[in-house]
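Numbering (this note's numbering), first residue to last: -16 to 423.
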């Protein structure tokens, strides 16, 4: 959910893939949200479930991916949420056999888009734009960029004022829940990274996809990388990496919720999730997780959505988990501070609005290490340019981290009161309010 989706074409190009299908696949498991997050003790036998894994039984709040996969039910006690391997009617028996149940929802599958799609989409968009401008005649010429890459820093880092801010996020823990991190990447040497995998059958948080490495770099990349311009925001933050998506770029609610629970248990002030599912309705598990994380001092920031094709009159919508009221939804702007053509529009429903926007069109990030055999080559890679608003999501957590450090003017305790437009102070204000229908 972090860039132009398959089937969405760059402006005025003929589609090269089938029309996109909105919605999200499910796993057959159910996600149960309990009314009381404090002590969700449940009589699981009422639903015929005997094998239960509880986050309170594991060190540092980490529920092993294998336990999540094999248990009949997995309880994330800090969030008051459980993932249950049973059909809805069987899970429904819990409503009369234990603590009050707020909701029972199908477990969704979330995703990112492979890097090749971003590169291809950007290439096609540039080619098309060049052709249209060459024969534009009296057509309106796009405004010049408000920012531009320099030898010192990318335009996105400049736009969020990281280059002039005295705050680095020092002392703040930032969790990035994604495809993991290239743990051997030279840009992160000496950072003392804490990393865990929540993907079944995968013991390491090593990133075999690339998306997670780019997101970590965007949020917490070094102030002075070994080569190339600065591309990261919170250079002093403590990095927590949760691999919740596979190397194919997809993951289930269970692994994502396990990552959130782990991040909250470890005192991460900011939890970044540049992932999602194209469902217009708020997904109850993330509404509860967002609210309960806030109550414990952790702000969840999620990418708003990339299912728009604005040049052709399709504005999309904010998907899950970003469309929950308790989750900060981030849209994308380009270097001219215009809403990116693929960035989703706000929904009328509560929680469906785009709260803030960040640089998200053509961004430089560290190149990932794809496999052990390519590690030596990957270490020598220069930063790579990745189009797509996936980059806007991680910049907001980076900005949030620099906003809640020990010396910052925005203490972490103030998270619950700072959703929506009050958070916009972390970034230069766009020329138009992103996501608002009247501004589109």
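Just so it is clear, CB atoms sit at the ideal spot from N, CA and C, and this is done for glycine as well.
Let me know if residue 173 comes out buried or exposed under the rule of 16 or more other beta-carbons within 10 Å of its beta-carbon. As a first step, residue 173 must be located in the chain shown, where it is residue number 190. Label assigned to residue 173: exposed.
Alpha carbon to alpha carbon, what distance is there between residue 56 and residue 32? By 1-based counting over the chain shown, the position of residue 32 is 49. By 1-based counting over the chain shown, the position of residue 56 is 73. Looking at the two C-alpha atoms, the distance is approximately 7 Å.
Between the C-alpha atoms of residue 314 and residue 67, what's the straight-line distance to the nearest angstrom? On the chain shown, residue 314 is found 331 positions in, with the first residue counted as 1. On the chain shown, residue 67 is found 84 positions in, with the first residue counted as 1. Residue 314 and residue 67: Cα-Cα distance of roughly 33 Å.
Comparing C-alpha positions only, which one of 61, 183, 337 and 226 sits nearest to residue 194? Along the chain shown, read from residue 1 onward, the residue named residue 194 stands at position 211. Ranking 61, 183, 337 and 226 by Cα distance to residue 194 puts 226 first.
Cβ contact (3+ pairs, closer than 8 Å) linking the segment 227 to 235 and the segment 128 to 140: no
What's the C-alpha gap between residue 108 and residue 44? As a working note, residue 108 is residue 125 in the chain shown. As a working note, residue 44 is residue 61 in the chain shown. Reliability fails at residue 108, whose pLDDT of 40 lies under 50, so the model's placement of it is uncertain and no value is given.
Whether residue 164 touches residue 199 by CB criterion (8 Å): The count along the chain shown starts at 1 and reaches residue 164 at position 181. The count along the chain shown starts at 1 and reaches residue 199 at position 216. Cβ atoms of residue 164 and residue 199: closer than 8 Å.
Check each candidate in 48, 223 and 27 and name the one with the smallest Cα separation from residue 184. Your numbering for residue 184 matches position 201 in the chain shown. Residue 184 has its Cα closest to that of 48, out of 48, 223 and 27.
Going by other Cβ atoms of all chains shown within 10 Å of its Cβ, with 16 needed for buried, is residue 24 buried or exposed? For this step, residue 24 is matched to residue 41 along the chain shown. When all chains shown are included, residue 24 counts as exposed.
Hey, residue 221 and residue 273: beta-carbon distance below 8 Å or not? Numbered from its first residue, the chain shown carries residue 221 at position 238. Numbered from its first residue, the chain shown carries residue 273 at position 290. Not closer than 8 Å, so no.
Starting from residue 294, follow the beta strand (DSSP E) in both directions and report where the run begins and ends. In the chain shown, the residue the question calls residue 294 occupies position 311. Per DSSP, residue 294 belongs to no beta strand (DSSP E) and is neither H nor E.
Spatial neighbours of residue 403 in its chain, beta-carbon cut-off 7 Å, leaving aside the 5 residues before and after: The residue given as residue 403 occupies position 420 in the chain shown. Bear in mind that a pLDDT of 36 at residue 403, under 50, signals an unreliable position, so the model cannot answer this.
When DSSP labels each residue in this structure, what does residue 49 get in the three-state scheme? Position 66 of the chain shown, counted from the first residue, corresponds to residue 49. DSSP places residue 49 in helix when its eight states are reduced to three.
For the putative contact between residue 61 and residue 247, defined by C-beta atoms under 8 Å, what is the C-beta separation to the nearest angstrom? Numbered from its first residue, the chain shown carries residue 61 at position 78. Numbered from its first residue, the chain shown carries residue 247 at position 264. Rounded, the Cβ-Cβ distance is 5 Å, consistent with contact.
Residue 187 (DSSP reduced to helix, strand or coil): Position 204 of the chain shown, counted from the first residue, corresponds to residue 187. Residue 187: coil per DSSP, three-state reduction.
What does the alpha-carbon distance come out to for the pair residue 161 and residue 53? Against the chain shown, residue 161 aligns to sequence position 178. Against the chain shown, residue 53 aligns to sequence position 70. Their Cα atoms are separated by approximately 22 Å.
What distance in whole Å lies between the Cβ atoms of residue 155 and residue 252, which are believed to be in contact at a cut-off of 8 Å? Working through the chain shown from its first residue, we reach residue 252 at position 269. Working through the chain shown from its first residue, we reach residue 155 at position 172. About 5 Å separates the two Cβ atoms, so the contact holds.
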